[in-house]
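Everything below concerns the one structure shown next.
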Amino acid sequence: MFKLRVDAETVARTRFSPSLAAESLAWLKLAADAGRHPVFGDPGPLARSTLGHPDVALLLDLLPRPGEVYTPDLLTPQPGTATRPRDLFDEQLARIEATTQDEIETQVLAYTQAHWTRPLPAAARRSVESGSMPGRLANGLARFWREALAEDWAGLQAVLDRDITHRAQAIARHGVGGVLGGLHPTIGWAGDAITVVKPFDGEADVSGRELVLAPGVLSWPGTSIQIDVPGQVVLCYPAHGVGTGADRRPGRIAPVVGAARAALLADLEPPRSTAELATRTGYSPGTVSYHLTALHRAGLVSKVRDGRYVLYRRTAQAVALLEGALSS
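The sequence shown begins at 20 in the working numbering and counts up one residue at a time.
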């Protein structure tokens with residue numbers, strides 16, 4: 020468990036703002052690892068097409084591999100106070116580009132050596148030594164955002180905005196302390212400290228600092244703590260409502276196939292894995308697998324392998340059934 024010791028000033032200076040840099044890196048890592056988000060699925064070819072650019076590859080050199088937990092905080096600067104997502108992201112890019120050589124050497128050379136189980140890639144070390152790293156990291160992140168996320172960001176921003184509105188209403192009812200203790204089951208409030216369940220133990224006194232609480236959708240369901248940049252404290256938490264399935268309704272086909280199977284069919288756009296469907300609908304993986312097997316036997320879903328994953332998709336018969344329910 021990790022503890023953030025706070026004082027009255029920190030609580031008074033607590034604010035909410037999404038970290039578009041952190042969201043971008045979460046999506047980038049999924050693309051690089053050929054992974055799938057439990058709710059939003061495959062990052063897609065546009066995200067993967069950026070991986071060959073040398074500045075995007077440099078970002079990947081600084082991301083942890085399985086079994087490692089440290090990511091240099093300079094990659095995800097504390098979000099500013101801009102109201103428009105584009106301006107908010109530009110502020111973070113400017114902060115990355117303005118990172119001092121001392122901070123680069125501390126986080127990229129010293130901290131990775133202390134926390135990683137492998138040496139820093141040679142290309143990254145050369146970039147540190149040449150002084151080119153801050154500008155290249157900012158350029159790589161901007162490029163990935165532009166190619167993979169910018170066009171579709173409005174829908175994700177709406178989720179983040181709803182979360183922040185939900186938290187503001189909770190503060191009005193329960194106070195800041197009540198909200199700090201309700202951000203996520205792994206995050207607690209002890210009166211003078213925020214506790215975060217982590218696979219490592221630690222404690223930091225951040226008294227007097229501004230605390231930014233950053234809801235995440237692409238980083239969902241993870242949590243992270245940033246304290247390495249002087250004066251900056253960021254706690255990233257999973258945004259409220261992501262993956263609950265609350266916005267998907269079985270519709271009029273429920274009497275035909277049952278509510279659970281109707282909900283699964285309604286959520287098979289795009290094709291999804293058993294794990295994704297379980298996370299999105301709230302059913303257990305075993306329950307989802309049982310219902311998908313029945314739907315497969317009935318000819319309403321088909322299976323296709325995509326790398327390490329088996330994805331289920333609607334058949335033409337299922338599409339006709341859904342369209343008939345909508346038009347009736």
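Glycine included, each C-beta is placed from N, C-alpha and C at the ideal position. Computed from a prediction, not measured in an experiment: that's the story for all the values here.
Helix, strand or coil at V320 [DSSP, three-state]: strand
Exposure label - V198; buried when at least 16 CB within 10 Å: buried
Touch test, the segment 284–292 against the segment 326–333, Cβ-Cβ under 8 Å, three pairs minimum: yes
DSSP three-state assignment for H259, whether helix, strand or coil: coil
Pairwise C-alpha distance: D286 and A339: 15 Å
DSSP state of Y302 mapped onto helix, strand, coil: coil
Buried versus exposed, by CB contacts within 10 Å (16 or more), R327: exposed
Short Cβ contact (7 Å threshold) for V231 with S36: yes
Continuous beta strand (DSSP E) assignments of at least 3 residues falling wholly in the segment 155–237: 206–208, 212–215, 221–224 and 229–235
Selection from T33, D26, T29 and V25 that minimises the alpha carbon distance to A187: T33
R103 versus H72: straight-line alpha-carbon distance, rounded: 28 Å
When V236, T298, V195 and T118 are compared against L44, the one with the closest alpha-carbon: V236
In DSSP terms, what G60 is bridged to: H56
Cα-Cα separation between K217 and N158, rounded to whole angstroms: 31 Å
Beta bridge counterpart(s) of R333 as assigned by DSSP: V320
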